[in-house]
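**Q** -7 is the number of the first residue of the sequence shown in my numbering; add one for each residue after it.
Think of the CB as a built atom: it goes at the ideal place given N, C-alpha and C, for glycine as much as any other residue.
Dropping a structure here in structure tokens format, bear with me for questions.
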Amino acid sequence: MATPIASQDRFTCGLGYIMQRLGQSHRSARWQIAYVNQLIESEGFPRPLPYFTRTATGGGRMFREARNASRWPTGTVDQWFDGHAPAMPDAAAEREAVEEMDEAASRIGQRFRVIDGGIAA
């Protein structure tokens, strides 16, 4: 399970944060990396920040695909999730729907009273 974002890393997040948001923390690291790379290619998920690693010859290599040590700007990741999450109904719309259902139920109740000869059940 990923640990909470440390204060010095509040601007970036790693694979653990992303997998927590996706509900896939239980998967293997290899699966997680492949999944994120597929999200990047097919779903517009943000690419990680460039990752540099040194080679045995003293040179280095820059990676742009997701890897275990990759970091993403947290705001960009959160924005992607916000755009892909189902919209939650706001409180006013929910109250309005409840009032409409209550009104419809009371009309049904009035119809039953008339059918039963005015005797309330």
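The alpha helix (DSSP H) that contains R13, what's its start and end?
**A** That run of the alpha helix (DSSP H) goes L7 to L14.
**Q** Write down every uninterrupted run of the alpha helix (DSSP H) in the stretch 30 to 76 whose length is 4 residues or greater and which is fully enclosed by it, in chain order.
**A** If we require 4 residues or more, the alpha helix (DSSP H) runs fully inside the stretch 30 to 76 come out as 66 to 76.
**Q** Output the distance between the C-alpha atoms of V69 and R46, rounded to the nearest integer angstrom.
**A** The alpha-carbon atoms of V69 and R46 are separated by roughly 27 Å.
**Q** To the nearest angstrom, how far is it from the Cα of G15 to the Cα of S98?
**A** Each residue's alpha carbon lies about 42 Å from the other.
**Q** What's the call for L41, buried or exposed, on a 16-neighbour Cβ count within 10 Å?
**A** Exposed is the call here.
**Q** Around the Cβ of F44, are there at least 16 other Cβ atoms within 10 angstroms (buried) or fewer (exposed)?
**A** Per the 10 Å Cβ criterion, exposed.
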